[in-house]
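A.B. asks: Provided herewith is a single structure, encoded as structure tokens, for subsequent inquiry.
Number of protein chains: 2
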Amino acid sequence: MSPAAAPRWKRLEPDQRREQILECAARLFGERPYAAVSTTDIAKEAGVARGLLNHYFGQKRDLYLKVVKRMLLMPGLEESVPMTGTLRQRVERSVEWYLDTVATHGKTYVAVTGAGGIGADPEVERIIAEADDISASKTLEFLGLKVEVGSDARHRAMIRSYGGLVKATIREWIRGGTLSREDAHLLLSEALISIVRDVFPQLAKAAAREEGRAPKAGPRR
Amino acid sequence: MSPAAAPRWKRLEPDQRREQILECAARLFGERPYAAVSTTDIAKEAGVARGLLNHYFGQKRDLYLKVVKRMLLMPGLEESVPMTGTLRQRVERSVEWYLDTVATHGKTYVAVTGAGGIGADPEVERIIAEADDISASKTLEFLGLKVEVGSDARHRAMIRSYGGLVKATIREWIRGGTLSREDAHLLLSEALISIVRDVFPQLAKAAAREEGRAPKAGPRR
DNA sequence: GAACTTGTTGGCGGAGTGTCAACAACAAGA
DNA sequence: TCTTGTTGTTGACACTCCGCCAACAAGTTC
Numbered sequence: 116m117s118p119a120a121a122p123r124w125k126r127l128e129p130d131q132r133r134e135q136i137l138e139c140a141a142r143l144f145g146e147r148p149y150a151a152v153s154t155t156d157i158a159k160e161a162g163v164a165r166g167l168l169n170h171y172f173g174q175k176r177d178l179y180l181k182v183v184k185r186m187l188l189m190p191g192l193e194e195s196v197p198m199t200g201t202l203r204q205r206v207e208r209s210v211e212w213y214l215d216t217v218a219t220h221g222k223t224y225v226a227v228t229g230a231g232g233i234g235a236d237p238e239v240e241r242i243i244a245e246a247d248d249i250s251a252s253k254t255l256e257f258l259g260l261k262v263e264v265g266s267d268a269r270h271r272a273m274i275r276s277y278g279g280l281v282k283a284t285i286r287e288w289i290r291g292g293t294l295s296r297e298d299a300h301l302l303l304s305e306a307l308i309s310i311v312r313d314v315f316p317q318l319a320k321a322a323a324r325e326e327g328r329a330p331k332a333g334p335r336r
Numbered sequence: 116m117s118p119a120a121a122p123r124w125k126r127l128e129p130d131q132r133r134e135q136i137l138e139c140a141a142r143l144f145g146e147r148p149y150a151a152v153s154t155t156d157i158a159k160e161a162g163v164a165r166g167l168l169n170h171y172f173g174q175k176r177d178l179y180l181k182v183v184k185r186m187l188l189m190p191g192l193e194e195s196v197p198m199t200g201t202l203r204q205r206v207e208r209s210v211e212w213y214l215d216t217v218a219t220h221g222k223t224y225v226a227v228t229g230a231g232g233i234g235a236d237p238e239v240e241r242i243i244a245e246a247d248d249i250s251a252s253k254t255l256e257f258l259g260l261k262v263e264v265g266s267d268a269r270h271r272a273m274i275r276s277y278g279g280l281v282k283a284t285i286r287e288w289i290r291g292g293t294l295s296r297e298d299a300h301l302l303l304s305e306a307l308i309s310i311v312r313d314v315f316p317q318l319a320k321a322a323a324r325e326e327g328r329a330p331k332a333g334p335r336r
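Protein chains in written order, with the working numbering: chain A, 116 to 336; chain B, 116 to 336.
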């Protein structure tokens, strides 16, 4: 009556296993810099052979990319905040919302979006840039500026730049503790308002001057 | 009459050798991400044995840090731009100056200050943060705000955040080409003016309100 | 030319990663 | 229950990269 010998390891569905590994990896990458996290560490954390990581995710960097993507896929802004009120009100509400979502992700967010040093991997950069662009488009749309002038690409670039301010401010707040939440809110709101009020109109004017042909500048009181 | 056999390698003064290696390393780190540059590559580029890199710089990361430091040590702003005129004039001149210096460094600057992905090495981050702080102090001083209120630390943090906007904008300009130099100039100027005009006064007021219990702010103007 | 100083080399050992054939857990059929 | 098939999983091998260090040689001095 020998009971069937206990299995030496549990067999999971590919999706489950993938998810489990992804979680462990996300945790470790949030704690330590990329180079300081070995695939052996992740495998050990997940209780799995190292080779399995490659089987599911390919290269180590690919696994990292999955983690980054997952982190940057946040719920849409427009679903959470009403698009009404003055420009200032909308800006402040969206900043508020963003600070909230960041606060819940904390360290991992900072680590992933980190303005690190170690020369960026172009692929990683592409992923982040992509996410930034989506986020920028959403912001423009939310502010009601999506199709204000013809030079939409420039606007998106501007907003992506603004994203740099956002990330740096978040770092000062979350990691450094040198800024309070209110400080961050104030800084981000005023800067965004300034950009929309002062920079975009001037841009529109400049574009109109350069191009001779009038962009579809809808007169906005 | 055998002429003295040609030396198999040239013997240099430590400083010269160090400098030479540093230049090669800077070039390579500017072209490829950190992880993609092997010490073997650098050694080959410099025409030396790999071990020599460790002899002069210790770890590979230490060499990288040296490169970063060198890149971030730029000539002082105050030496190049007169500190006169209105706030707007001063801001615009300093932005102008900064864009000029960045334009000369180009790719390497972007790579080094890159808001990359690969989780940042804390040491690298510290170096960059240090340079950012110096740069922030200089900016405050240049704008004549160095000792305006007691909450100097918060101002510096704000300016460091602004540095995030600067870096992101530079990237859009240099690497992406999505913004023109004029766009960058406009965006950075307006944002900085907005911060100084709108955020700092409010900060001062807020600090004054809070300071019923005075954390350790101490000297107020 | 001999002896000394020290800039430089080349190879050793360790750590990390990608690959792959073999293995074992589980399901299904007899 | 035994057999067979599928496939999730393992473990080891080969390779690359890095830090270390003893031996070597370029240049200097007497």
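Where a beta carbon is used, it is the ideal one built from N, C-alpha and C, also for glycine.
1. Closer than 6 Å by C-beta to Leu187 (chain B): which residues in its own chain qualify, once you throw out the five before and the five after it? Chain order, please.
2. Should Asp298 (chain B) go down as buried or exposed, given a rule of 16 or more other Cβ atoms within 10 Å for buried?
3. Under 8 Å: do the segment 201 to 210 of chain A and the segment 296 to 310 of chain A share three or more Cβ pairs, one atom per stretch?
4. Are the beta-carbon atoms of Arg142 (chain A) and Val225 (chain A) separated by less than 7 Å?
5. Is it right to say Trp288 (chain B) is buried, meaning 16 or more other beta carbons lie within 10 angstroms of its own, or is it exposed?
6. Taking Asp313 (chain A) as the reference, which of B:Pro148, B:Leu302, B:Ala251 has the closest Cα?
7. Contact defined as beta carbons within less than 8 Å: I believe Ser252 (chain B) pairs with Arg269 (chain B). What is the distance between those atoms, to the nearest angstrom?
8. Alpha carbon to alpha carbon, what distance is there between Val210 (chain B) and His300 (chain B)?
9. What whole-angstrom Cβ distance do Val217 (chain B) and Leu258 (chain B) have, given they're in contact under 8 Å?
10. So which of B:Lys184, B:Glu256, B:Ala158 has the shortest CA-CA distance to Thr199 (chain B)?
11. Just tell me which of B:Leu127, B:Arg147, B:Ile136 has its CA closest to the CA of Glu238 (chain A).
12. Report yes if the CB atom of Leu280 (chain A) is closer than 7 Å to the CB atom of Gly279 (chain B), and no otherwise.
13. Compile a chain-ordered list of the residues in the segment 297 to 315 of chain B whose CB is closer than 7 Å to at least one CB of chain A.
14. Which residues in chain B have a C-beta closer than 7 Å to the C-beta of Ser276 (chain A)? List them in chain order.
15. Identify the continuous alpha helix (DSSP H) that holds Pro129 (chain B) and give its terminal residues.
16. Any C-beta of chain A sitting closer than 7 Å to the C-beta of Thr293 (chain B)?
17. Which first and last residues belong to the alpha helix (DSSP H) in which Leu187 (chain A) is found?
18. Against chain B, with Cβ distances strictly below 7 Å, would Ala246 (chain A) count as a contact?
19. Kindly say whether Met273 (chain A), judged by its beta-carbon, lies nearer than 7 Å to any beta-carbon of chain B.
20. Could you tell me the alpha carbon to alpha carbon distance between Arg241 (chain A) and Tyr149 (chain B), rounded to whole angstroms?
21. Tell me the rounded alpha-carbon separation between Gly291 (chain A) and Trp212 (chain B).
22. Tell me the DSSP secondary structure of Thr293 (chain B) in three-state form.
C.D. replies: Working from what's here:
1. Numbered from its first residue, the second sequence carries residue 187 (chain B) at position 72. Counting only Cβ-Cβ distances below 6 Å, and skipping sequence neighbours, we find Ala246.
2. Locating residue 298 (chain B) in the second sequence gives position 183, where the first residue counts as 1. The residue in question, Asp298 (chain B), is buried, as its Cβ has 16 or more Cβ neighbours within 10 Å.
3. Verdict: yes, contact present.
4. Working through the first sequence from its first residue, we reach residue 142 (chain A) at position 27. Working through the first sequence from its first residue, we reach residue 225 (chain A) at position 110. No, these two residues do not count as a Cβ contact at 7 Å.
5. Your numbering for residue 288 (chain B) matches position 173 in the second sequence. Buried is the call here.
6. Taking the first residue of the first sequence as position 1, residue 313 (chain A) is located at position 198. Asp313 (chain A) has its Cα closest to that of B:Leu302, out of B:Pro148, B:Leu302, B:Ala251.
7. To locate residue 252 (chain B), count along the second sequence from 1; it is residue 137. To locate residue 269 (chain B), count along the second sequence from 1; it is residue 154. Going by Cβ atoms, the distance from Ser252 (chain B) to Arg269 (chain B) rounds to 13 Å, so no, they are not a contact pair.
8. One-based indexing of the second sequence puts residue 300 (chain B) at position 185. One-based indexing of the second sequence puts residue 210 (chain B) at position 95. Pairing His300 (chain B) with Val210 (chain B), the inter-Cα distance amounts to about 6 Å.
9. Start at 1 with the first residue of the second sequence, and residue 217 (chain B) comes out as number 102. Start at 1 with the first residue of the second sequence, and residue 258 (chain B) comes out as number 143. By a beta-carbon distance limit of 8 Å, Val217 (chain B) does not contact Leu258 (chain B). Their separation comes to about 19 Å.
10. Residue numbering aside, residue 199 (chain B) sits at position 84 when the second sequence is read from its first letter. If we check each option's Cα against that of Thr199 (chain B), B:Glu256 comes out closest.
11. Here residue 238 (chain A) refers to the residue found at position 123 of the first sequence. Closest by alpha carbon: B:Arg147.
12. In the first sequence, counting from the first residue as 1, residue 280 (chain A) sits at position 165. In the second sequence, counting from the first residue as 1, residue 279 (chain B) sits at position 164. Cβ distance < 7 Å, so Leu280 (chain A) and Gly279 (chain B) count as in contact.
13. Residues passing the 7 Å Cβ filter: Asp298, Leu301, Leu302, Glu305, Ala306, Ser309, Ile310, Asp313, Val314.
14. In the first sequence, the residue the question calls residue 276 (chain A) occupies position 161. Under the 7 Å cutoff, chain B gives Leu280, Ala283, Thr284, Glu287, Leu302.
15. Translated into the one-based positions of the second sequence, residue 129 (chain B) becomes position 14. It spans 129 to 146 - the alpha helix (DSSP H) in which Pro129 (chain B) sits, taken as one unbroken run.
16. Translated into the one-based positions of the second sequence, residue 293 (chain B) becomes position 178. Residue-level contact check: Thr293 (chain B) touches chain A, since one or more beta carbons of chain A fall below 7 Å from its beta carbon.
17. Within the first sequence, residue 187 (chain A) is the residue found at index 72, counting from 1. Start and end: 175 to 187.
18. Position 131 of the first sequence holds residue 246 (chain A). For Ala246 (chain A), the answer is no, since every Cβ of chain B falls outside 7 Å of its Cβ.
19. Counting from one through the first sequence, the residue named residue 273 (chain A) turns up at place 158. Taking 7 Å as the CB threshold, Met273 (chain A) lines the interface with chain B.
20. Here residue 241 (chain A) corresponds to residue number 126 of the first sequence, with the count starting at 1. Here residue 149 (chain B) corresponds to residue number 34 of the second sequence, with the count starting at 1. So the alpha carbons of these two residues sit roughly 16 Å apart.
21. On the first sequence, residue 291 (chain A) is found 176 positions in, with the first residue counted as 1. On the second sequence, residue 212 (chain B) is found 97 positions in, with the first residue counted as 1. Going by the C-alpha atoms only, they are around 29 Å apart.
22. In the second sequence, counting from the first residue as 1, residue 293 (chain B) sits at position 178. Reduced to three states, the DSSP call for Thr293 (chain B) is coil.
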